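S.K.: Start counting the sequence shown at 1; every next residue gets the next number (our numbering).
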Amino acid sequence: MRCDCSSLATVLYLDRAPQRFEKKLKKIESKDWMNLYECPKCDQLWVIDEWDKYTVQFATKVVERTDWEKNDQTVLKKELLISERGGLTDQICVWANCSKQAVNGVAYCIDHLWETGARR
Numbered sequence: 001m002r003c004d005c006s007s008l009a010t011v012l013y014l015d016r017a018p019q020r021f022e023k024k025l026k027k028i029e030s031k032d033w034m035n036l037y038e039c040p041k042c043d044q045l046w047v048i049d050e051w052d053k054y055t056v057q058f059a060t061k062v063v064e065r066t067d068w069e070k071n072d073q074t075v076l077k078k079e080l081l082i083s084e085r086g087g088l089t090d091q092i093c094v095w096a097n098c099s100k101q102a103v104n105g106v107a108y109c110i111d112h113l114w115e116t117g118a119r120r
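#1: Give me the residue from 2, 13 and 7 with the minimum Cα distance to residue 84.
#2: What is the DSSP secondary structure of residue 43, counted as helix, strand or coil?
#3: When you compare each of 112, 110, 10 and 4 to residue 58 by their alpha carbons, which one comes out closest?
#4: By Cβ distance below 6 Å, which residues in the same chain neighbour residue 31 in space, the five residues on each side in sequence not counted?
#5: Pick out the complete alpha helix (DSSP H) segments inside the stretch 48-118, 4 residues or longer, and give them in chain order.
#6: For residue 112, which residues from the same chain have a beta carbon less than 7 Å from its beta carbon, with the 5 sequence-adjacent residues on both sides left out?
#7: Which word fits residue 46, buried or exposed, when buried means at least 16 other C-beta atoms lie within 10 angstroms of its C-beta?
#8: Strictly by DSSP, which residues pair up with residue 26?
#9: In the DSSP assignment, find the beta strand (DSSP E) that holds residue 12 and state where it starts and stops.
#10: Using beta-carbon positions only, say whether residue 114 and residue 61 come within less than 7 Å of one another.
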């Protein structure tokens, strides 16, 4: 039986991953609210955020096992958030002194939306 890793995006919401996705992976290491997993079928590495009832869990593909915990995944997560919300608008962020484009459906750019704690 083959795995789903190659067909999955680089970053995804864990609750939208294929059924039993996390359970099929082997947990290798944990650090700073993140867990490193490896697919036993294809050796793909994944970082999955530790579960917390107040946050959204992401699963992110990782290329290197060395220093995996230092790999900042925020840019990828922000790109997913922009995509989930339908992209950017022609409007400017309402945050004081910000001139970046606002994310569709909100008045903030991705950086200021992220600061509010929004993850979806």
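All C-beta atoms in this analysis are idealised placements derived from N, C-alpha and C, irrespective of residue type, glycine included. Since the structure is predicted, the reported quantities are computational estimates derived from the model, not experimental observations.
M.R.: Straight from the coordinates:
#1: Nearest C-alpha to residue 84: 13.
#2: Coil, per DSSP.
#3: The shortest Cα separation from residue 58 among 112, 110, 10 and 4 belongs to 10.
#4: Only residues of its own chain outside the window of five on either side were considered, and among them 69 have a CB closer than 6 Å to the CB of residue 31, listed in chain order.
#5: You should have 74-84 and 110-115.
#6: Within the same chain, Cβ atoms closer than 7 Å to the Cβ of residue 112 are found at 93, 95 and 98, the five residues on either side in sequence being excluded.
#7: Per the 10 Å Cβ criterion, buried.
#8: Per DSSP, the beta bridge partners of residue 26 are 38.
#9: Segment 11-13, the beta strand (DSSP E) holding residue 12.
#10: No, the pair does not count as a contact, with Cβ atoms beyond the cut-off.
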